[in-house]
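*Asks:* Have a look at this one.
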């Protein structure tokens with residue numbers, strides 16, 4: 021299982037950062053209140069630059085997701101991988117569904133950022 025954080029840096033751009041299992045144990049305590057949503061996307065699909073709609077975990081359930089920051093850095097997520105989405109402002113990120121399998125994901129709200137950027 022891979023855990024990756026996407027956040028807006030001081031430069032206004034989104035960046036990726038790997039999260040360790042130990043750090044994830046601390047993040048689990050940040051689960052907030054709000055709707056847990058199930059997302060379904062056909063594959064392939066493309067979503068141009070956008071920000072996370074809220075602080076949230078995005079758990080990839082099926083299919084392959086690829087996220088891209090403005091600097092060209094890409095991160096692929098397989099089923100079971102978790103994206104910690106914190107880039108609420110700035111340029112945002114691109115999201116793609118790759119391959120032939122439709123992508124399902126579960127979005128779980130967070131109460132606060134995992135750390136300051």
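Residue numbers (my numbering): 21 to 137. Think of the CB as a built atom: it goes at the ideal place given N, C-alpha and C, for glycine as much as any other residue.
For residue 12, which of 74, 110, 107, 116 has the nearest alpha-carbon?
*Replies:* What is shown of the chain runs 21 to 137, which leaves residue 12 out entirely.
*Asks:* Pull up the distance between the alpha-carbon of residue 31 and that of residue 100, whole angstroms please.
*Replies:* About 31 Å.
*Asks:* In chain order, what are the residue ranges of uninterrupted alpha helix (DSSP H) at least 4 long that sit wholly in the region 39 to 97?
*Replies:* Whole alpha helix (DSSP H) segments, 4+ residues: 41 to 48.
*Asks:* For residue 130, is the classification buried or exposed, using 16 other Cβ atoms within 10 angstroms of its Cβ as the cut-off for buried?
*Replies:* Buried.
*Asks:* What three-state label does DSSP hand residue 108 in the structure shown?
*Replies:* Three-state DSSP puts residue 108 in coil, outside helix and strand.
*Asks:* For the beta strand (DSSP E) containing residue 115, list its first residue and its last residue.
*Replies:* First-last of the beta strand (DSSP E) with residue 115: 113 to 118.
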